[in-house]
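J.:
Protein chains: 2
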Amino acid sequence: MKVTIKDVAKKVNLSITTVSRALHDYDDVNPETKQRIIEAAREMGYSPNSLAQRLQKQQADTIGLVLPTFSPRFADPFFSEILAGIGNMAAELGFDLLVSTCAPGEQEIETYKNLIEGARVDGFIIVRTRVFDPRIEYLLSQKFAFTAFGRSQSNSTYAYVDEDGYLGMKLIAEHLAKLGHTRVGCITSNSDLNFTRFRMDGLRDGLTDYKIVIDENLIRIGDLTQKSGYKNAFELLQMPDPPTAIVAFNDLMAFGVMSAAQKMGLVVGKDLSVTGFDDIPMAEFSHPSLTTVSQPVYKIGGMLCEMLIKMINGISNGQPHIVLKPTLIERKSTEAVKN
Amino acid sequence: MKVTIKDVAKKVNLSITTVSRALHDYDDVNPETKQRIIEAAREMGYSPNSLAQRLQKQQADTIGLVLPTFSPRFADPFFSEILAGIGNMAAELGFDLLVSTCAPGEQEIETYKNLIEGARVDGFIIVRTRVFDPRIEYLLSQKFAFTAFGRSQSNSTYAYVDEDGYLGMKLIAEHLAKLGHTRVGCITSNSDLNFTRFRMDGLRDGLTDYKIVIDENLIRIGDLTQKSGYKNAFELLQMPDPPTAIVAFNDLMAFGVMSAAQKMGLVVGKDLSVTGFDDIPMAEFSHPSLTTVSQPVYKIGGMLCEMLIKMINGISNGQPHIVLKPTLIERKSTEAVKN
DNA sequence: TTGAAAGCGCTAACAA
DNA sequence: TTGTTAGCGCTTTCAA
Chain V
1 MKVTIKDVAK
11 KVNLSITTVS
21 RALHDYDDVN
31 PETKQRIIEA
41 AREMGYSPNS
51 LAQRLQKQQA
61 DTIGLVLPTF
71 SPRFADPFFS
81 EILAGIGNMA
91 AELGFDLLVS
101 TCAPGEQEIE
111 TYKNLIEGAR
121 VDGFIIVRTR
131 VFDPRIEYLL
141 SQKFAFTAFG
151 RSQSNSTYAY
161 VDEDGYLGMK
171 LIAEHLAKLG
181 HTRVGCITSN
191 SDLNFTRFRM
201 DGLRDGLTDY
211 KIVIDENLIR
221 IGDLTQKSGY
231 KNAFELLQMP
241 DPPTAIVAFN
251 DLMAFGVMSA
261 AQKMGLVVGK
271 DLSVTGFDDI
281 PMAEFSHPSL
291 TTVSQPVYKI
301 GGMLCEMLIK
311 MINGISNGQP
321 HIVLKPTLIE
331 RKSTEAVKN
Chain G
340 MKVTIKDVAK
350 KVNLSITTVS
360 RALHDYDDVN
370 PETKQRIIEA
380 AREMGYSPNS
390 LAQRLQKQQA
400 DTIGLVLPTF
410 SPRFADPFFS
420 EILAGIGNMA
430 AELGFDLLVS
440 TCAPGEQEIE
450 TYKNLIEGAR
460 VDGFIIVRTR
470 VFDPRIEYLL
480 SQKFAFTAFG
490 RSQSNSTYAY
500 VDEDGYLGMK
510 LIAEHLAKLG
520 HTRVGCITSN
530 SDLNFTRFRM
540 DGLRDGLTDY
550 KIVIDENLIR
560 IGDLTQKSGY
570 KNAFELLQMP
580 DPPTAIVAFN
590 DLMAFGVMSA
600 AQKMGLVVGK
610 DLSVTGFDDI
620 PMAEFSHPSL
630 TTVSQPVYKI
640 GGMLCEMLIK
650 MINGISNGQP
660 HIVLKPTLIE
670 RKSTEAVKN
């Protein structure tokens with residue numbers, strides 16, 4: 001059986017109280033006693049039962065992450081990367097990371113509710129925030145700690161980290177405009193998603209700066225998967241007057257766009273410029289390499305996690321609202337428009 | 340504050356024991372009393388504190404998953420998919436999923452150790468098993484519950500699910516041989532990884548069946564990332580007598596191979612056949628679509644999770660050794676060899 | 001400097 | 001059918 005604090009106490013012939021204090025380095029323990037206890041504990045391979053500690057502490061030392069995924073076969077690098085960012089930071093700060101998946105919808109709030117009511121987590125990290133986000137509304141209403149990747153339309157205010165998608169898309173627009181593109185199509189993400197609006201506005205405004213008006217027929221709604229990029233690009237490219245550039249709202253869809261174009265015999269770059277958003281690792285090694293906007297998801301995960309844990313531990317400094325500036329990554333998938 | 344079982348007991352004027360029993364649907368409680376209790380609990384929004392339950396039960400109701408990733412920027416769809424498979428099954432069976440990441444090495448066993456000693460998890464799921472796998476050795480030595488995705492060289496036996504990579508690669512070899520390829524290169528995974536050996540053997544044997552001997556110079560070791568597929572393919576294709584087909588040990592590297600080939604002006608399919616392994620969602624929508632071997636990672640995750648929970652709950656039926664039969668998915672990245 | 005005792009919220013053996 | 005009591009492993013007041 002596992003060795004408990006009781007065993008250690010028995011071994012050194014002291015009370016468990018003293019042992020506990022020694023192990024926590026309280027200074028009202030005789031240094032020699034302390035040493036003796038620590039040694040004994042180490043020898044016996046004692047390690048505190050975290051369940052017991054947590055029950056006593058009334059804190060789960062655990063943060064929750066519910067991945068909002070529709071399909072079971074989800075392969076979005078976004079998730080693995082933010083997971084790593086959050087996970088590593090959590091580990092560093094002594095917290096566990098509890099992960100579950102749940103498609104947006106009825107069930108979703110229930111999932112959060114269960115986790116809260118069972119006292120299984122102390123706070124959540126919300127990803128892929130939506131314009132009207134029931135998760136955020138719910139957590140605010142419960143006054144439960146959370147941080148979010150992305151702003152939302154919520155009346156109330158909360159701690160978040162976001163990337164300036166508006167600026168990001170403006171950079172894309174500018175880049176494309178300077179290359180001479182005037183007929184640009186785009187494959188957006190679902191309008192539920194909060195960043196969609198920012199990116200769309202940025203794209204529009206950016207193009208407007210160059211007197212380019214986006215043709216509404218060239219706007220398609222995707223779902224962030226490669227498949228949807230592929231399908232939508234097909235439709236776009238088969239139109240009578242197809243775009244010379246397609247702006248995808250994430251890298252995965254951009255890959256789909258490239259595939260579709262190539263399947264139709266177009267040379268991406270030359271015949272059609274394609275841009276993504278995220279700069280996932282693959283973007284550098286696609287053919288052609290993808291022009292995109294960097295989004296330091298790993299780092300953001302870490303920031304969100306750290307902010308959250310500070311909130312939980314009560315050493316929060318207000319509600320940070322951090323908006324990161326994106327960078328344009330110019331690669332080979334965009335070229336000057338052909339005449 | 341949260342409502343506890345004590346509050347409920349007070350409300351209905353009964354002992355907490357009775358409340359506990361009623362809530363667990365014991366049949367030694369007066370039906371009317373039971374009803375009254377259940378109602379009161381619902382009204383008060385009572386939900387048991389799982390920390391307390393777990394402490395008492397001496398079980399964390401949690402399974403651990405330590406993702407063995409080297410780079411923080413890991414975007415392997417494999418991980419997100421198995422995560423979903425495990426997570427959904429765990430949720431269904433009332434278990435939490437604790438995720439952490441740790442690169443293989445010194446630190447790794449420490450991570451497992453901490454989780455075990457703190458009694459934070461009841462079992463682990465091991466992924467990406469290695470030929471001599473310290474994780475498996477350690478868990479066996481601790482007699483701690485786990486299931487693994489993949490066999491290993493361990494003397495002892497343990498519960499696993501694996502896909503028959505030997506057969507999978509044989510299918511690939513046969514497919515390529517029938518297309519007339521005789522000069523085939525390959526980009527393997529690290530030889531530490533257990534499946535590497537099976538796949539390699541399958542490839543060799545499969546080719547041998549068609550009297551094809553693989554040129555040792557055409558074998559490169561990759562690390563399962565797109566980048567390594569890209570770099571290795573470049574080298575392979577720049578050789579004086581380049582291969583007409585390249586077999587990558589996973590889809591991600593296969594994409595890298597395609598990018599490299601295309602960058603060199605080759606038409607994948609026509610000038611160079613490329614195969615992958617995994618059939619990740621993207622494989623269908625790359626250009627050209629990728630010939631590969633399916634591996635139902637999501638399902639495997641679920642199986643591993645279910646097996647593990649059965650073991651934990653003591654209703655295990657021995658140590659299942661499941662080896663799934665793969666299927667060849669023929670797509671456009673492979674064509675008959677040119678003369 | 002140390003220990004006894006209470007209590008975190010819950011379950012379960014035993015008694016009534 | 002219900003309640004009393006002990007205890008899961010730990011921390012922390014309070015008293016000695």
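Line by line, the protein sequences are chains V and G. Going by the numbering used here, the first residue of the first sequence is number 1, and it counts up by one from there. Going by the numbering used here, the first residue of the second sequence is number 340, and it counts up by one from there. Ideal Cβ placement from N, Cα and C applies to all residues, glycine included. These numbers were taken from a predicted model, which means no experiment stands behind them.
Can you name the residues of chain V whose CB is closer than 9 Å to the CB of Phe485(G)?
T.: Along the second sequence, read from residue 1 onward, the residue named residue 485(G) stands at position 146. Neighbours of Phe485(G) on chain V: none; closest Cβ ~18 Å, over 9 Å.
J.: Can you say whether Gln226(V) is buried or exposed, counting buried as having 16 or more other CB atoms within 10 angstroms of its CB?
T.: As a working mapping, residue 226(V) is identified with position 226 in the first sequence. Burial call: buried.
J.: From the DSSP output, read off the bridge partner residues of Thr275(V).
T.: Position 275 of the first sequence holds residue 275(V). DSSP lists Val247(V) and Thr291(V) as partners of Thr275(V).
J.: So, does the stretch 448 to 468 of chain G touch the stretch 44 to 52 of chain V, judging by three or more C-beta pairs under 8 Å?
T.: yes
J.: Runs of 3 residues minimum, wholly inside the stretch 471 to 507 of chain G: which ones carry the beta strand (DSSP E) assignment?
T.: For the stretch 471 to 507 of chain G, the full-length beta strand (DSSP E) segments reaching 3 residues or more read 485 to 488 and 499 to 502 along the chain.
J.: Less than 8 Å between the beta carbons of Leu542(G) and Ala675(G), yes or no?
T.: Position 203 of the second sequence holds residue 542(G). Position 336 of the second sequence holds residue 675(G). No, they are not a contact pair.
J.: Just the chain V side, please: which residues come within less than 7 Å of Asp415(G) by C-beta, in chain order?
T.: Translated into the one-based positions of the second sequence, residue 415(G) becomes position 76. Going along chain V in sequence order, the residues near Asp415(G) (Cβ under 7 Å) are Ser80.
J.: Count the C-beta pairs between the stretch 240 to 253 of chain V and the stretch 272 to 286 of chain V that are closer than 8 Å, then say yes if the count reaches three, no if not.
T.: yes
J.: Whose Cβ in chain V lies nearer than 8 Å to the Cβ of Gly524(G)?
T.: For the purposes of this step, residue 524(G) is identified with residue 185 of the second sequence, where counting begins at 1. Those do not exist, as Gly524(G) stays about 18 Å from chain V at its closest Cβ, beyond 8 Å.
J.: Going along the chain, which unbroken runs of the beta strand (DSSP E) with 3 or more residues stay wholly within the stretch 172 to 213 of chain V?
T.: 184 to 188
J.: Could you give the residue range of the alpha helix (DSSP H) that holds Ser50(V)?
T.: Position 50 of the first sequence holds residue 50(V). Looking at the DSSP string, the run of the alpha helix (DSSP H) that includes Ser50(V) is Ser50 to Lys57.
J.: Is the stretch 49 to 61 of chain V touching the stretch 390 to 405 of chain G, taking contact as three or more C-beta pairs under 8 Å?
T.: yes
J.: At 9 Å on the CB atoms, spell out the chain G contacts of Pro281(V), in chain order.
T.: In the first sequence, the residue the question calls residue 281(V) occupies position 281. Near Pro281(V) (Cβ distances below 9 Å), the residues of chain G are Ser410, Arg412, Phe413, Ala414, Thr564, Gln565 and Lys566.
J.: Please classify Leu81(V): is it buried, with 16 or more other beta-carbons within 10 angstroms of its beta-carbon, or exposed?
T.: Taking the first sequence and counting its residues from 1, the one referred to as residue 81(V) is at position 81. Checking the displayed sequence, the identity of residue 81(V) turns out to be Glu instead of Leu. Around the Cβ of Glu81(V), a 10 Å sphere holds 16 or more other Cβ atoms; the residue is buried.
J.: For the stretch 546 to 563 of chain G and the stretch 520 to 537 of chain G, state whether three or more C-beta atom pairs, one from each stretch, are separated by less than 8 Å.
T.: yes
J.: Against chain V, does Thr440(G) count as a neighbour if the rule is that its beta carbon must be under 8 Å from one of theirs?
T.: In the second sequence, counting from the first residue as 1, residue 440(G) sits at position 101. Yes, because at least one Cβ of chain V sits closer than 8 Å to the Cβ of Thr440(G).
J.: Going by DSSP in three states, Gly679(G) sits in which element: helix, strand or coil?
T.: Beyond the ends of chain G as shown, which are 340 and 678, falls residue 679(G); an answer cannot be given.
J.: Residues of chain G with CB closer than 7 Å to the CB of Pro242(V), please, in chain order.
T.: Locating residue 242(V) in the first sequence gives position 242, where the first residue counts as 1. Correct list: empty, because the minimum Cβ distance to chain G is about 17 Å.
J.: Using three-state DSSP, classify Ser316(V) as helix, strand or coil.
T.: In the first sequence, the residue the question calls residue 316(V) occupies position 316. It is coil, neither helix nor strand.
J.: Nearest chain V C-beta to Asp435(G) closer than 8 Å, yes or no?
T.: In the second sequence, the residue the question calls residue 435(G) occupies position 96. Judged by the 8 Å Cβ criterion, Asp435(G) is in contact with chain V.
J.: Within 8 Å of any Cβ in chain V, is that where the Cβ of Asp386(G) sits?
T.: In the second sequence, the residue the question calls residue 386(G) occupies position 47. In the sequence as displayed, the identity of residue 386(G) is Ser instead of Asp. Answer yes: the Cβ-Cβ gap between Ser386(G) and chain V drops below 8 Å somewhere.
J.: For the alpha helix (DSSP H) that Asp346(G) lies in, which residues bound it at each end?
T.: The count along the second sequence starts at 1 and reaches residue 346(G) at position 7. Ile344 to Val351 is the span of the alpha helix (DSSP H), which, as asked, contains Asp346(G).
J.: Output the boundary residues of the alpha helix (DSSP H) element that contains Leu93(V).
T.: Indexing the first sequence from 1 puts residue 93(V) at position 93. It is not in any alpha helix (DSSP H) - Leu93(V) carries neither H nor E in the DSSP assignment.
J.: Going by the beta-carbon positions, is the gap between Asp223(V) and Tyr166(V) smaller than 8 Å?
T.: Position 223 of the first sequence, counted from the first residue, corresponds to residue 223(V). Position 166 of the first sequence, counted from the first residue, corresponds to residue 166(V). For Asp223(V) and Tyr166(V), no; Cβs fall outside 8 Å.
J.: Interface residues of chain V around Tyr569(G) at Cβ under 7 Å?
T.: Translated into positions along the second sequence, residue 569(G) becomes position 230. Neighbours of Tyr569(G) on chain V, chain order: Phe285.
J.: Chain V partners of Gly444(G), CB-CB under 9 Å?
T.: Indexing the second sequence from 1 puts residue 444(G) at position 105. By Cβ distance, chain V contributes nothing, its closest Cβ being about 15 Å from Gly444(G), past 9 Å.
J.: Report yes or no: is there a C-beta of chain V within less than 8 Å of the C-beta of Ser672(G)?
T.: Here the question's residue 672(G) lines up with position 333 in the second sequence. No, Ser672(G) lies away from the interface with chain V (no Cβ there is under 8 Å from its Cβ).
J.: Could you check how far apart the C-beta atoms of Gly507(G) and Val632(G) are, in whole angstroms? I think they sit under 8 Å.
T.: On the second sequence, position 168 is the one that residue 507(G) refers to. On the second sequence, position 293 is the one that residue 632(G) refers to. The C-beta distance from Gly507(G) to Val632(G) rounds to 4 Å, short enough to fall under 8 Å.
J.: So, at 6 Å on beta carbons, what are the nonlocal neighbours of Phe124(V) in its own chain, with the 5 sequence-adjacent residues on each side left out?
T.: If you number the first sequence from 1, residue 124(V) lands on position 124. Around Phe124(V): Gly64 and Phe146.
J.: At a cut of 8 Å, does the stretch 482 to 501 of chain G reach the stretch 646 to 665 of chain G through at least three beta carbon pairs?
T.: Yes, the stretch 482 to 501 of chain G touches the stretch 646 to 665 of chain G.
J.: Distance, Cα to Cα, Asn571(G) vs Asn556(G)?
T.: Numbered from its first residue, the second sequence carries residue 571(G) at position 232. Numbered from its first residue, the second sequence carries residue 556(G) at position 217. Approximately 12 Å between the Cα atoms of the pair.
J.: Quick one: measure Cβ to Cβ for Asp271(V) and Lys332(V), integer angstroms, because I've assumed they're closer than 8 Å.
T.: In the first sequence, the residue the question calls residue 271(V) occupies position 271. In the first sequence, the residue the question calls residue 332(V) occupies position 332. Between Asp271(V) and Lys332(V) the beta-carbon gap is near 13 Å, outside 8 Å, which marks them as no contact.
J.: Figure out for me which residue from Asn529(G), Met650(G), Pro411(G) and Asn427(G) has the closest Cα to the Cα of Ala103(V).
T.: As a first step, residue 103(V) must be located in the first sequence, where it is residue number 103. Of the listed residues, the one whose Cα sits closest to Ala103(V) is Asn427(G).
J.: Given a cut-off of 8 Å, decide if Gly265(V) and Ile86(V) are closer than it, judged by their beta-carbon atoms.
T.: One-based indexing of the first sequence puts residue 86(V) at position 86. One-based indexing of the first sequence puts residue 265(V) at position 265. Taking 8 Å as the Cβ cut-off, Ile86(V) and Gly265(V) do not qualify as a contacting pair.
J.: Would the beta-carbon of Gln262(V) fall within 8 Å of that of His626(G)?
T.: As a working mapping, residue 262(V) is identified with position 262 in the first sequence. As a working mapping, residue 626(G) is identified with position 287 in the second sequence. Their beta carbons are under 8 Å apart, which means Gln262(V) touches His626(G) by this criterion.
J.: Going along the chain, which residues of its own chain have a beta-carbon closer than 7 Å to the beta-carbon of Ile651(G), five neighbours each way excluded?
T.: Counting from one through the second sequence, the residue named residue 651(G) turns up at place 312. Contacts found: Asp461, Gly462 and Ala484.
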